[in-house]
Structure formats: structure tokens, C-alpha cells
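Please read the structure below before turning to the comments.
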DNA sequence: AAAATATACTTTGCAATACAAGGTACTAAA
DNA sequence: TTTAGTACCTTGTATTGCAAAGTATATTTT
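Residue numbers (the working numbering), protein chains in the order written: chain A, 251 to 366; chain B, 251 to 366.
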């Protein structure tokens, strides 16, 4: 029962949201995504990211294009589809609800939330 | 790829945190917890909660006491242990990091966060 | 040209956990 | 005695994050 496992579990589901949020700003390829997430304090490894990207693509939330690189093999640049944009808005709602829930639980009883 | 599944996945790990947050305010038994979480907009079912409570108890984060009820069978009232309180503080940090991450990703680039 | 290195993408096996569905046990009322 | 209500528990399944190892392409070094 360590903190690392707890944090890893918190990532579940959140990661999908974070990827979509990131791609909403513009296309990116895997290493790119990992780097940007790291800058946002979220550590993700390849073995997690690649299957996730594939899954999102298979569900038509993402699409990709091959692009040549000047420094190595070509890259798969992923971008949101229209379905992906819509799904992202649903996840926005889900996230809002979740933060609201935590805030209520954090600040004491529901009554206290109303009073303070 | 539906929204319900996504929300269910977001719950992973968060639920543990929410239970500890709730019990931090005082002892409660299972139906109690389900009811309070529902008031905080978080739907949890018995099949999820009971194994979770048992797991937390086995890891010494929770303890329980049987208490008679005037309206049915006795209840298991769960409460945080000292280990549980400490673990809760770690989860507080993890939650703070996660919300920070999402906020960064939501508001555009890191630079934009600083500028706005 | 061959070997080594770097970059990028992929796969496999495992562990953790939410949930549906069903079950057990005790109490009180009809 | 039967029925209804409350509370606790278990089993099987699906999903997903991750470690570890593998494949492929491009560049640099020897």
C-alpha cells in the first residue's frame, strides 16, 4: 500500500483525458506527448502511451499522419477527430464533477460548504 | 467508447481517496458511505465498496467496530487509523499534483499559464 | 561498407480495481 | 411462518497502467 501505486491508480482514466487535452492544442507524436506530459508533472511511459493512442485511434477519437523527421525514423503525428473533440467535452464535464465531489468531501459536510 | 466507462475509469484510485476523505470527518458504515458519496455526486455500488473497505482495513489504514442498530442487523463502523490519516495526506498531495497537471493542460501551454 | 548508436513504434504478460450479479445473515413486521 | 428490509460478502469480468522486451528506420562512427 504505497503512495506510488495510489498515484498510478489515480492516473487511470485521467491519462486518457490528459492526452486528449494535450492533442486539443495541436498534433503531436508519442515522444512529444511524453515530454509535454512530463512538463505538466505527469510521468507516462511508452508501454502505457502507445496502446492508449492505438485504442483512441481505433475508436475514431484520434487520427494520425506519418511525417518525416530530420533526425531519425518517421513519426506518427496524432490529432483529434471531430468525435474526439466531442468526447473531450464529455470528459471535461466528468472532470468537473469529480473535482466538485472532492471539494465537497474535502471541505467537510455539504452543509458547511453552503455556509462558508 | 462511452462516457460512462470513461467516468468509471476516472473513479479508479479516486474512490480510495474519497472514502478516506469522508471517513476523516467521522466513522461511518457502508450504506452510510454510499449515501454520503451520492450526496457528493459520486455513485458507488456495494460490490465496489465492500472489497475496498476490506482492503483498506487489511492495510491498517482503516479499523472498524461493530455497533448495534435499532433498525436491523449490526453495522460495521469504519474509521481512519493513524496510518490512514498519514496516507490521506499523501493522497492529498497526489490529488493536488493531478489537478495542477490538468489545469496546465487545460489552459494551453505552460507559458500561457504564466502569462495569464 | 559494416557496426554502433539513436530514435520511434510495438507487443506481451501482469497487477490493480470498478462493477454487475448473485449470495448469506440477521431483524422486524404481516 | 412468511415476507420485507437492512447489512455484509463473494465471484467473475473488463479495463487499464506498467515493466520489459522486441522490431524497424535513420544517422553516425569505425
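Each residue gets a CB set at the ideal place from its N, CA and C atoms; glycine is no exception. Quantities reported herein were computed from a predicted structural model and do not represent experimental measurements.
The shortest CA-to-CA distance from residue 265 of chain A to any of A/326, A/284, A/254, A/330 is the one to A/284. At a cut-off of 7 Å between beta-carbon atoms, residue 276 of chain A makes no contact with chain B. Residue-level contact check: residue 254 of chain A does not touch chain B, since none of the beta carbons of chain B fall below 7 Å from its beta carbon. Contact between the region 323-330 of chain B and the region 272-284 of chain B is present, with at least three C-beta pairs closer than 8 Å.
Under the DSSP assignment, residue 307 of chain A falls in the alpha helix (DSSP H) whose first and last residues are 296-308. Residue 257 of chain B counts as buried, since no fewer than 16 other beta carbons sit within 10 angstroms of its beta carbon.
The residues 294, in chain order, have a CB closer than 6 Å to that of residue 287 of chain B in the same chain once the five nearest residues on each side in sequence are set aside. Taken atom to atom, the span from the alpha-carbon of residue 325 of chain B to that of residue 312 of chain B is near 15 Å. Listed along chain B are 264, 267, 268, 271, 345, each with a C-beta nearer than 8 Å to that of residue 352 of chain A. Per DSSP, the beta bridge partners of residue 316 of chain B are B/326.
Interface annotation, residue 307 of chain A: not in contact with chain B, CB-CB separation never under 7 Å.
Distances from the CA of residue 338 of chain B to each of A/309, A/346, A/356, A/340 were compared; the closest alpha carbon is that of A/356.
For residue 253 of chain B, the enclosing alpha helix (DSSP H) starts and ends at 253-261. Under a 10 Å Cβ-count criterion, residue 263 of chain B is classified as buried, with 16 or more other Cβ atoms of the shown protein chains found around its own Cβ.
In the assembly as shown, residue 297 of chain A is an exposed residue. Its beta-carbon has fewer than 16 other beta-carbons within 10 Å. Linking residue 314 of chain A to residue 278 of chain A through their CA atoms gives a straight-line distance of about 9 Å. When rounded, the separation of the alpha-carbon atoms in residue 335 of chain A and residue 307 of chain B is 41 Å.
Per the C-alpha coordinates, the member of B/252, B/254, B/268 positioned closest to residue 349 of chain A is B/268. Residue range 332-356 is occupied by the alpha helix (DSSP H) that includes residue 343 of chain B. Comparing alpha-carbon positions, the option among B/260, B/343, B/303 lying closest to residue 292 of chain B turns out to be B/260. Apart from the 5 residues on each side of it in sequence, residue 318 of chain A sits with its Cβ closer than 7 Å to the Cβ of 324 in its chain, given in chain order. At a cut-off of 7 Å between beta-carbon atoms, residue 291 of chain B makes contact with chain A.
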